[in-house]
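S.K.: Take this structure first; my questions come after.
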Amino acid sequence: MPLRLGQEVQALSRAARLSRRWAAFACAALAGLLPGGGAAEEVTLTARGGGLSVTGEIVDYDGEFYRIDSPYGVVTLDAATVICSGAACPGDGPPAVDLTVSGSAHLVDALMPPLVETFAARQNLGLSRRSTDAGFVYVLTDRDGGAAVARFAFRPVTADEGFADLLAGVADIVLSDRAVTADEVALAEAAGLGDLSAPVRSRVLALDALVPVVSLASDRTTITLAALRDALRGEGAAPLHLPAENGGLEQALRRRLLGGAAPAAAQRHETPAQVSAAVAEAPGALGITRFTDLGEAEPLSLSGPCGIAVAATRQTIKTEDYPLTLPLFAYVPARRLPPIARTFLRYTSSPAAQPVIRRAGFVDQFPEIVPVGDQGARLVDAMLSAGGEVGLADLRRMAARLRGTARLTLTYRFEDGSSVLDAQSRSNIGRLAEAIRRGVFDGRRLIFVGFSDGVGSAATNLRLSRRRAETVRAAVAAEARMAGDAPVTLDTDAFGEALPMACDDTAWGRGVNRRVEIWLE
């Protein structure tokens with residue numbers, strides 16, 4: 042009889058636990074923790090003050106913490122507070138750390154190597170790389186003695202396979218070009234890996250975007266979102282080119298444009314770069330690719346019924362003014378990673394890593410300053426499309442307030458139909474707070490400016506936009522741990538529906554318009 046969903050989850054959870062236990066056993070044998078590679082031996086961890094002791098098999102030891110499979114389950118204990126007794130106890134000094142990263146081949150192959158290499162250089166570690174059947178491994182070594190400090194193994198597959206590896210206990214980090222799915226969240230919770238949808242379980246490494254493309258020979262420059270959806274449903278006249286069906290880009294396309302449905306028949310290509318190459322040689326064809334893989338194809342701007350068009354540029358992707366922006370994620374389970382792995386993860390989202398990410402061809406998240414004078418077309422188009430209840434006095438107040446300021450590329454937007462910040466915006470909270478802590482804006486004023494869509498009364502929208510600005514300001518202040526004598530001033534203002542960035546006639550347009558911008562004075 043077929044298993045019901047709950048039974049399937051329980052079965053997969055048991056399989057994942059068994060797989061993790063076997064992986065831990067194998068790693069321990071290889072590391073010499075289990076003498077002769079024979080049957081696992083138990084150790085006893087006793088509190089240095091006496092009294093408490095736990096007996097079981099060592100699952101992991103990173104030189105800082107023990108993870109031990111005890112009668113109470115897998116428990117984590119600080120090595121500084123316990124004494125290990127038994128033949129399987131590790132020797133002096135921390136062992137070499139083994140870390141396995143699995144997921145999107147695009148991220149693994151193009152982004153990870155420069156990040157690992159620059160990380161090793163900053164940590165004054167030696168580095169070597171070797172190929173494996175599954176991918177490749179970087180060995181980080183102590184420059185003094187040449188001893189291995191860590192082995193970072195990378196498996197370039199798909200986001201789907203990356204999450205499967207995490208569930209099976211054979212991966213520690215998943216790189217994904219899409220958000221985790223509800224099914225993956227449920228399976229991970231059942232396997233004891235925590236809630237992967239929680240903000241603390243993921244971080245945004247870089248940015249990309251879905252971009253419609255045509256040949257340079259085409260006279261098209263824009264496409265409406267409705268026309269793009271029609272083409273994906275097989276209702277367009279142009280031949281359609283799409284990336285492989287099992288990739289994260291295809292899944293993002295389904296979620297962002299088709300409500301989860303599959304697109305119509307199209308000419309498929311193994312990689313987004315091949316989509317761009319094929320479309321560039323085929324006048325009259327339409328393709329969807331990544332911003333980072335445009336190649337010789339011509340990108341189309343997205344437009345709405347009111348005529349506002351937005352092109353995919355590094356700046357519009359950073360600000361999420363371009364509606365098909367794609368955050369690229371690293372997901373980690375709810376277990377403690379070794380110190381060097383945690384340091385590496387912090388480095389990947391640090392200011393020092395942003396130039397590396399940009400040189401690798403991705404859109405970095407380093408805040409850029411856009412002077413108000415460089416935004417003339419954006420401001421004029423937006424003002425011409427402002428809601429009917431927005432009067433000259435409102436526009437003059439906004440112009441006076443923003444005159445002499447500059448916009449940061451950090452923007453805050455919300456999940457569809459929700460007051461919860463989206464993934465890129467949650468990342469931007471920490472990024473702005475970090476810049477404040479580092480003194481980047483000392484002596485300056487940051488203005489959190491709220492905007493709304495044009496649905497409802499102007500007075501209500503003004504209140505909503507102000508509330509959003511105050512909420513984001515409070516979140517940044519809390520993250521930055523600001524005191525009353527902080528050297529930077531955080532202010533708020535709001536202009537409701539006075540500055541639309543897209544057409545309110547569409548759901549995506551309304552979502553783009555509901556935002557909080559950061560202006561620097």
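The number in my numbering is simply the position in the sequence shown, starting from 1, with 41 added.
All residues carry an ideal CB built from backbone N, CA and C; glycine is no exception.
From a predicted model like this one, the values you see are computed outputs, not experimental measurements.
1. Quick one: give me the first and last residue of the alpha helix (DSSP H) that Ser466 is part of.
2. Out of curiosity, what's the CA-to-CA distance linking Asn387 and Thr141?
3. Just grab the DSSP bridge partners of Cys125 for me.
4. Would you mind sorting Asp545 into buried or exposed? The rule is 16 or more other CB atoms within 10 Å of its CB.
5. Leaving aside the five residues before and after Pro379 along the sequence, list all residues of the same chain whose C-beta is less than 6 Å from its C-beta, in chain order.
6. Within its chain, find whatever has a CB closer than 8 Å to the CB of Val411; leave out the 5 residues flanking it on each side and keep chain order.
7. Cβ of Leu246 within 8 Å of Cβ of Ala128?
8. Here's a check: name, in chain order, each residue in its chain whose Cβ is nearer than 6 Å to the Cβ of Val557, leaving out the five neighbours to either side.
9. Could you tell me the boundaries of the beta strand (DSSP E) in which Pro313 lies?
10. For the candidate residues Phe455, Gly480, Arg444, whose alpha-carbon lies nearest to that of Glu562?
11. Would you report the Cα separation of Ser145 and Arg219, rounded to the nearest angstrom?
12. Take Ala279 as the anchor and find which of Ser256, Glu291, Leu208, Val496 has the nearest alpha-carbon.
13. The alpha helix (DSSP H) with Arg297 in it runs from where to where?
14. By Cβ distance below 8 Å, which residues in the same chain neighbour Val190 in space, the five residues on each side in sequence not counted?
15. Return the CA-CA distance between Phe385 and Gly186, expressed in angstroms with no decimal places.
16. Return the chain-ordered list of same chain residues with a C-beta closer than 6 Å to the C-beta of Ser344, the five sequence neighbours on each side being excluded.
17. Would you tell me roughly how many angstroms separate the C-alpha atoms of Leu86 and Thr96, rounded to the nearest one?
18. Report yes if the C-beta distance between Asp249 and Arg331 is below 8 Å; otherwise report no.
19. Distance, Cα to Cα, Val553 vs Asp213?
20. Report yes if the C-beta distance between Val320 and Val241 is below 8 Å; otherwise report no.
21. Which complete beta strand (DSSP E) runs does the stretch 523 to 554 hold, if anything under 3 residues is left out?
22. Which class does Ala258 belong to by DSSP, given the choice of helix, strand or coil?
23. Considering only C-alpha positions, which residue in the set Gly210, Arg399, Ser390 is nearest to Leu473?
24. Relative to the C-alpha of Gly480, which residue among Ala440, Ala303, Val529, Gln465 is closest?
25. In three-state terms, what does DSSP make of Ala137?
26. How would you call Ser466, buried or exposed, if buried means at least 16 neighbouring beta carbons within 10 angstroms?
27. Which of the three DSSP states, helix, strand or coil, is assigned to Leu71?
28. Report back the beta-carbon spacing between Val316 and Leu269 to the nearest angstrom; my notes put them in contact at under 8 Å.
29. Using the Cα positions of Arg376 and Gly550, report the straight-line distance between them to the nearest angstrom.
30. According to DSSP, which residues form a beta bridge with Asp435?
31. If Leu281 sits next to Ala307, beta carbons under 8 Å apart, how far is it from one beta carbon to the other, in whole angstroms?
32. Let's see if you can read the secondary structure: which residues bound the beta strand (DSSP E) around Gly497?
33. Which residues in the same chain as Thr547 place their Cβ atom closer than 8 Å to its Cβ, once the five residues preceding and following it in sequence are excluded?
34. If we count the other Cβ atoms within 10 Å of its Cβ and call it buried at 16 or more, is Pro112 buried or exposed?
35. Considering only C-alpha positions, which residue in the set Gly402, Gln406, Arg400, Arg383 is nearest to Pro392?
M.R.: Let me spell this out:
1. First-last of the alpha helix (DSSP H) with Ser466: 464 to 478.
2. The amino acid at residue 387 is misidentified as Asn; the sequence shows Arg. Taking the straight line from one Cα to the other gives about 17 Å.
3. Listed as beta-bridge partners of Cys125 by DSSP are Leu86.
4. Its Cβ being crowded by 16 or more others within 10 Å, Asp545 is buried.
5. Beyond the five residues adjoining it in sequence on each side, Pro379 comes within less than 6 Å, by CB distance, of Asp103, Val138 in the same chain, given in chain order.
6. Excluding residues within five positions, the ones whose Cβ falls inside 8 Å are Gln356, Ala447, Arg448, Leu449, Thr450.
7. No, Cβ-Cβ distance for Leu246 and Ala128 is not below 8 Å.
8. Same-chain partners within the cutoff: Tyr453, Phe489, Gly491, Arg509, Ala510, Val513.
9. From DSSP, Pro313 is part of no beta strand (DSSP E) but of the alpha helix (DSSP H) over 313 to 321.
10. Among Phe455, Gly480, Arg444, the Cα nearest to that of Glu562 belongs to Arg444.
11. Using only the alpha carbons, I get a separation of about 9 Å.
12. Cα-wise, what sits closest to Ala279 is Ser256.
13. Element bounds for Arg297: 289 to 298.
14. Cβ within range, chain order: Ala137, Val138, Leu166, Leu181, Thr182, Asp183, Ile381.
15. When rounded, the distance between both Cα atoms is 22 Å.
16. Within the same chain, Ser344 has close Cβ partners Thr263, Thr265, Ala350.
17. Going from the Cα of Leu86 to the Cα of Thr96 covers about 6 Å.
18. Yes, they are a contact pair.
19. Just so you know, the alpha carbons of Val553 and Asp213 end up roughly 35 Å apart.
20. No, the pair does not count as a contact, with Cβ atoms beyond the cut-off.
21. Listed in chain order, the complete beta strand (DSSP E) runs (minimum 3 residues) inside the stretch 523 to 554 are 530 to 535.
22. Looking at Ala258 - three-state DSSP - the assignment turns out to be coil, as it is neither helix nor strand.
23. Considering only alpha carbons, the answer is Ser390.
24. Minimum Cα distance to Gly480 is reached at Val529.
25. Under the three-state reduction of DSSP, Ala137 is assigned to coil, being neither helix nor strand.
26. That one is buried.
27. Caution applies to Leu71, whose pLDDT of 37 falls short of 50 and renders its modelled position unreliable; the value that the coordinates give is listed next. Three-state result, Leu71: helix.
28. The pair is not a contact, with the Cβ atoms about 14 Å apart (cut-off 8 Å).
29. Distance from the CA of Arg376 to the CA of Gly550, rounded to the nearest whole angstrom, comes to 39 Å.
30. Partner(s): none; Asp435 has no beta bridge.
31. So it is a contact: roughly 4 Å between Cβ atoms.
32. No beta strand (DSSP E) holds Gly497; DSSP gives it neither H nor E.
33. So the list reads Leu266, Ala267, Gly345, Pro346, once near-sequence residues are dropped.
34. Counting every other CB atom within 10 Å of its CB across the protein chains shown gives Pro112 a total below 16, marking it as exposed.
35. The option with the nearest alpha carbon to Pro392 is Gln406.
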